[in-house]
Amino acid sequence: MKNPKTIFVLTGAGVSAESGLGTFRDRGGLWARFDPMKLATPEAYAADPDTVLDFYNHRRRGVVAAVPNAAHAALARAETRLAERGGRLFLCTQNVDDLHERAGARAVTHMHGELLKARCTACEAVTPWHGDLTRADACPACGAAGRMRPDVVWFGEMPKHLDAIERALTAADLFVAVGTSGAVYPAAGYVRLAKARGIPTCEVNLEPSDNADAFDTAEYGPASVALPAYLARLGL
Ligand code: OAD
Numbered sequence: 016m017k018n019p020k021t022i023f024v025l026t027g028a029g030v031s032a033e034s035g036l037g038t039f040r041d042r043g044g045l046w047a048r049f050d051p052m053k054l055a056t057p058e059a060y061a062a063d064p065d066t067v068l069d070f071y072n073h074r075r076r077g078v079v080a081a082v083p084n085a086a087h088a089a090l091a092r093a094e095t096r097l098a099e100r101g102g103r104l105f106l107c108t109q110n111v112d113d114l115h116e117r118a119g120a121r122a123v124t125h126m127h128g129e130l131l132k133a134r135c136t137a138c139e140a141v142t143p144w145h146g147d148l149t150r151a152d153a154c155p156a157c158g159a160a161g162r163m164r165p166d167v168v169w170f171g172e173m174p175k176h177l178d179a180i181e182r183a184l185t186a187a188d189l190f191v192a193v194g195t196s197g198a199v200y201p202a203a204g205y206v207r208l209a210k211a212r213g214i215p216t217c218e219v220n221l222e223p224s225d226n227a228d229a230f231d232t233a234e235y236g237p238a239s240v241a242l243p244a245y246l247a248r249l250g251l
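This is the structure we're talking about:
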């Protein structure tokens with residue numbers, strides 16, 4: 016498809032893999048090594064908050080040390096170019112890192128939350144958080160101690176911004192999924208939602224994802240190479 020005006024891009028862990036951040040379901044991935052039910056659920060946090068906070072502290076340190084790669088940069092460039100033409104790139108990520116932003120993306124919708132933010136479960140205030148988070152930390156907004164948690168979405172919790180995401184998706188000329196396995200809903204269902212609306216769909220991934228059959232076209236290879244090449248072919 017040449018010259019789409021509005022593009023909806025869904026990214027997953029694969030887009031940050033070449034920045035050194037681990038994916039979840041690849042061989043050696045996080046959920047291949049750790050049980051998500053013991054680390055990424057409200058029940059796990061209630062049962063053993065220190066272990067859960069440590070897990071996210073470790074991941075947060077990895078995010079802070081990581082740098083964006085050519086895939087993040089290509090998306091930021093495409094966002095700017097489309098805006099200059101009066102179009103829009105809606106960037107929806109399942110990633111909790113800030114690499115899209117650090118590559119220059121201006122509007123990023125984090126449906127699974129952000130690791131560099133903490134939320135107070137007493138007053139719900141969300142605060143930027145770049146260091147370790149412990150149970151001793153008090154909320155900078157209300158002062159409550161021991162009530163801060165990473166502002167990420169855990170299994171069993173509702174992803175964020177779902178209405179805005181669905182509106183943007185159904186208004187797009189093109190749907191592109193990058194570096195996501197298609198295993199976690201609702202994001203995994205977006206390709207079928209796009210298709211049902213007659214919106215062309217493309218998958219950019221290292222290898223065919225669980226959802227590969229649902230896409231009209233595919234570009235296989237590392238995101239840092241395959242995505243800039245694909246966007247360049249779109250004139251972006
Ligand atoms: P997954 O780990 O499930 O999938 C990563 C995908 O990226 C796989 O299809 C890989 O083939 C692909 N991939 C790996 N390296 C790549 C590279 N260099 N270039 C392109 N593709 C590459 O990660 P997600 O689909 O993002 O949610 O996982 C979805 C959600 O599951 C996450 O947001 C997280 C997790 O549980 C929560 O924690 C709520």
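Each residue of the sequence shown is one higher than the last, beginning at 16 in the numbering used here.
C-beta atoms are modelled at their ideal positions from N, C-alpha and C, and glycine is treated no differently.
By a C-beta neighbour count over all protein chains shown, 10 Å radius and 16 as the cutoff for buried, is Gly250 buried or exposed?
Result: exposed.
Which term fits His176, buried or exposed, when burial requires 16 or more other beta carbons within 10 angstroms of its beta carbon?
In this structure His176 is exposed. Its beta-carbon is surrounded by fewer than 16 other beta-carbon atoms within 10 angstroms.
Cβ neighbour criterion (16 or more within 10 Å) applied to Ala120
Buried.
Cβ-heavy atom distance between Pro237 and ligand 1 below 6 Å?
Yes; taking the cut-off as 6 Å, the Cβ of Pro237 has a heavy atom of ligand 1 nearer than that.
Environment of Cys157 [buried if 16+ CB atoms lie within 10 Å]:
Counting Cβ neighbours within 10 Å, Cys157 comes out exposed, since fewer than 16 surround it.
Scan the stretch 172-239 and note each continuous alpha helix (DSSP H) run of 4 residues or more that stays entirely inside, going in chain order.
Runs found: 177-185 and 205-211.
If distances are taken between C-alpha atoms only, which option among Phe49, Lys20 and Val79 comes closest to Gly35?
Comparing Cα-Cα distances from Gly35 to each of Phe49, Lys20 and Val79, the minimum goes to Val79.
Taking the alpha carbon of Ala227 as the reference point, which residue from Arg75, Arg212, Val206 and Phe105 has its own alpha carbon closest?
Checked all of Arg75, Arg212, Val206 and Phe105; the closest Cα to Ala227 is Val206.
Can you tell me which of Thr95, Arg164 and Val141 puts its alpha carbon nearest to the alpha carbon of Ala151?
Out of Thr95, Arg164 and Val141, Arg164 has the C-alpha closest to the C-alpha of Ala151.
Ala59: CB within 6 Å of a non-hydrogen atom of ligand 1:
No; taking the cut-off as 6 Å, the Cβ of Ala59 has no heavy atom of ligand 1 nearer than that.
Are at least three pairs of beta-carbons, each pair with one atom in the stretch 67-82 and one in the stretch 226-242, less than 8 Å apart?
Flag = no, the stretch 67-82 and the stretch 226-242 do not touch.
Would you kindly check if the distance between the Cβ of Leu246 and the Cβ of Ala89 is under 7 Å?
Yes, the pair counts as a contact, with Cβ atoms nearer than the cut-off.
Coarse secondary structure for Ala140, derived from DSSP in three states
In the structure shown, Ala140 sits in coil (DSSP, three-state: anything other than H, G, I, E or B).
Starting from the C-beta of Tyr143, find all residues in its chain whose C-beta is less than 7 Å away, skip the five residues before and the five after it, and write them out in chain order.
Reading the sequence as shown, one finds Pro at residue 143 and not Tyr. So the list reads Leu131 and Lys132, once near-sequence residues are dropped.
For Thr95, report the span of its alpha helix (DSSP H) as first-last.
Residues Ala85 to Glu99.
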